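*Asks:* The numbering of the sequence shown is full-length UniProt numbering, which starts it at 1 and goes up by one. For every residue, glycine included, the Cβ atom is placed at its ideal position computed from N, Cα and C. In this text the structure is predicted, and so the values were computed from the model without any measurement. Can you read through this structure? Questions will come right after.
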Amino acid sequence: MATAGGPSDHHKYAIYPSLLGKIALVTGGAEGIGGSIVEIFALQGAQVIIADIAEDSALKLIEKIKGTARGPIGPEPVVPVFYECDVTNLDTLKSTVDRALAQFSRIDILVNNAASSAGKARVATKDVTPEAWEFNINVNLRHQFFLSQLIFPHMAAQKSGAIVNMGSINWKVPGVGLPIYTTCKAAVVGLTRTHAREFGPHGIRVNSVMPGSIATERQIKEVLTDEYKAETIAAQAIKRVIDPHEAARVVVFLCTDDASAVTGSQYVVDGGWIGDP
């Protein structure tokens, strides 16, 4: 079965006027789902800040967006900017927010997308060291909390904002080999619900998106073997590979005024693997 069209087919999909001119900070936005999120925001007329360590990938994405023609309807694509940002460094998180506010005066949208389930994350419980634990907590969870903490007062002052935390169905699917990553993604649910309650009175909405097996370039290279692909498709109700833009479109929707009453929720994009969050 064919997948839904990607960002290059953006004229086939919804245009959200409420995103025009918005300032969106996306961590891990250089590639994968994050790259698709950045591209779709840019095509909606939002100014995106790519906060990532992958400069080459970010610059390639920016050049791609520069070369994207305006569709028959909708705004002119807005070229993103790149900020080098190691999300495991708390000082860098603060300087990233400070830089964004200095350049754009506000942040309307935060997408806490940066994460890693490869390399150091793929160890059994018996092999987890304190160093591996700390690294994985920092790259998959800690930055979501502290970036939200840093940006909250600025969104509260403008009495509006949207935050999306990237989760995963991993913590809902029985499995072994990713104990720290699974712990982090379970925690994202609690963090999202807590911040939705805490930030809601200030006009800020907080939701999370839980992707399943998504065919990003990195996943294809490191995880999505033919055997694993067959297993995941067999588990899904929709019998095909899920592309990054399919998760990205849900993230973008949650940041629009169309989702103005949606907060504290988890949205699963997994082709029907687990279904209920």
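Could you check whether residue 58 and residue 24 sit closer than 8 Å to each other, using their CB atoms as the reference points?
*Replies:* Against the sequence shown, residue 24 aligns to sequence position 24. Against the sequence shown, residue 58 aligns to sequence position 58. No, Cβ-Cβ distance for residue 24 and residue 58 is not below 8 Å.
*Asks:* Using the rule of at least 16 other Cβ atoms within 10 Å of the residue's Cβ for burial, across every protein chain shown, is residue 95 buried or exposed?
*Replies:* Start at 1 with the first residue of the sequence shown, and residue 95 comes out as number 95. Burial call: exposed.
*Asks:* If you count every other CB in all the chains shown that lies within 10 Å of the CB of residue 44, and 16 or more means buried, which is it?
*Replies:* Within the sequence shown, the letter at position 44 stands for residue 44. The residue is buried, with at least 16 neighbouring Cβ atoms inside 10 Å.
*Asks:* Per DSSP, residue 205 forms a beta bridge with which residues?
*Replies:* Here the question's residue 205 lines up with position 205 in the sequence shown. 162.
*Asks:* Do three or more CB pairs link the region 255-271 to the region 60-70 at distances below 8 Å?
*Replies:* Counting Cβ pairs under 8 Å, fewer than three are found: no touch.
*Asks:* Hey, how far is the Cα of residue 162 from the Cα of residue 227?
*Replies:* One-based indexing of the sequence shown puts residue 162 at position 162. One-based indexing of the sequence shown puts residue 227 at position 227. Roughly 38 Å between the two C-alpha positions.
*Asks:* Could you spell out where the beta strand (DSSP E) holding residue 169 opens and where it closes?
*Replies:* For the purposes of this step, residue 169 is taken as residue 169 along the sequence shown, with counting starting at 1. Premise fails: residue 169 is in no beta strand (DSSP E) and is neither H nor E.
*Asks:* Which residues in the same chain have their Cβ closer than 6 Å to the Cβ of residue 196, if we skip the five residues on either side of it in sequence?
*Replies:* Residue mapping note: residue 196 aligns to position 196 of the sequence shown, counting from 1. Once the five neighbours on either side are set aside, the close Cβ partners of residue 196 are 206, 263, 264.
*Asks:* Does the separation of the CB atoms of residue 81 and residue 42 fall below 8 Å?
*Replies:* Locating residue 81 in the sequence shown gives position 81, where the first residue counts as 1. Locating residue 42 in the sequence shown gives position 42, where the first residue counts as 1. It is not a contact, given that the beta carbons lie outside the stated cut-off.
*Asks:* Under 8 Å, do residue 166 and residue 97 count as touching if we go by C-beta distance?
*Replies:* On the sequence shown, residue 166 is found 166 positions in, with the first residue counted as 1. On the sequence shown, residue 97 is found 97 positions in, with the first residue counted as 1. In this structure, residue 97 does not lie closer than 8 Å to residue 166 by Cβ.
*Asks:* Quick one, are the C-beta atoms of residue 164 and residue 111 less than 8 Å apart?
*Replies:* Locating residue 164 in the sequence shown gives position 164, where the first residue counts as 1. Locating residue 111 in the sequence shown gives position 111, where the first residue counts as 1. Yes, Cβ-Cβ distance for residue 164 and residue 111 is below 8 Å.
*Asks:* Buried or exposed, going by whether 16 or more other CB atoms sit within 10 Å of the CB of residue 32?
*Replies:* Stepping through the sequence shown from its first residue, residue 32 is reached at position 32. Label assigned to residue 32: buried.
*Asks:* Cβ of residue 341 within 8 Å of Cβ of residue 178?
*Replies:* The question about residue 341 has no answer, for the chain in this structure spans 1 to 277.
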